[in-house]
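Our numbering applies: residue 0 is where the sequence shown begins, and numbers increase by one.
Have a look at the structure below, then the notes.
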Amino acid sequence: MDNGPGHEVGDTLDRHLTNTTIVRLPPNTTSVSQPLDAGIIMSFKVKCSRLMIQIVSEYSHLQGRNARVPRVRLWGCLSLAWDRVTTYAIQNCFERVPVLPDAMKDLLKAVANAASEAPDFELLQLKAQLMQL
Numbered sequence: 000m001d002n003g004p005g006h007e008v009g010d011t012l013d014r015h016l017t018n019t020t021i022v023r024l025p026p027n028t029t030s031v032s033q034p035l036d037a038g039i040i041m042s043f044k045v046k047c048s049r050l051m052i053q054i055v056s057e058y059s060h061l062q063g064r065n066a067r068v069p070r071v072r073l074w075g076c077l078s079l080a081w082d083r084v085t086t087y088a089i090q091n092c093f094e095r096v097p098v099l100p101d102a103m104k105d106l107l108k109a110v111a112n113a114a115s116e117a118p119d120f121e122l123l124q125l126k127a128q129l130m131q132l
């Protein structure tokens, strides 16, 4: 677990998790140990920023009160930006951080390859293997 303020673990939680040991990551290591911090968030932010710039430029010819960009258009950027984060980017971030064992990384690669090439049956078999790890 990282050292974020929202991840504070108290005595109560320790007492309830009798079969679990919570280990904190060393300070300032999340960017090299967590996939989201290793690039997934950055990819999302870049795509979101580009979309927002496009939308704002559509309204640049307006003046005064009419120059406002409808908030619903900007909120829509979030969903569209996430849809544009590629599977490759997410997979690459998981491969770069030492979170997954090598066997699981190999299976993730196989599932990604099978998704584009193999029939559905083979893909289901690979997913089943992945779930067993």
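Where is the CB? At the ideal position from N, CA and C, for every residue including glycine.
Between the alpha carbons of residue i and residue j, how many angstroms are there, rounded?
i, j, result
"Cys92", "Pro26", "20 Å"
"Ser48", "Thr19", "40 Å"
"Leu148", "Arg72", "Here the chain comprises residues numbered 0 to 132, so residue 148 is not present and cannot be evaluated."
"Leu35", "Val68", "30 Å"
"Trp81", "Lys46", "8 Å"
"Ser56", "Leu77", "17 Å"
"Glu94", "Leu61", "46 Å"
"Ala102", "Ile21", "23 Å"
"Ile54", "Asp105", "40 Å"
"Leu24", "Arg70", "38 Å"
"Ser42", "Ser59", "26 Å"
"Gln90", "Pro100", "14 Å"
"Ala109", "Gly63", "55 Å"
"Thr86", "Leu107", "11 Å"
Please list the terminal residues of the continuous alpha helix (DSSP H) segment that includes residue i.
i, result
"Arg95", "86-95"
"Leu79", "70-83"
"Val45", "40-57"
Closest by CA to residue i, which one among the options?
i, options, result
"Trp74", "Met51, Tyr87, Thr86", "Met51"
"Ile39", "Asp101, Thr17, Ala88, His60", "Ala88"
Contact defined as beta carbons within less than 8 Å: I believe residue i pairs with residue j. What is the distance between those atoms, to the nearest angstrom?
i, j, result
"Gln33", "Val84", "Incorrect: roughly 16 Å between the Cβ atoms, too far for contact."
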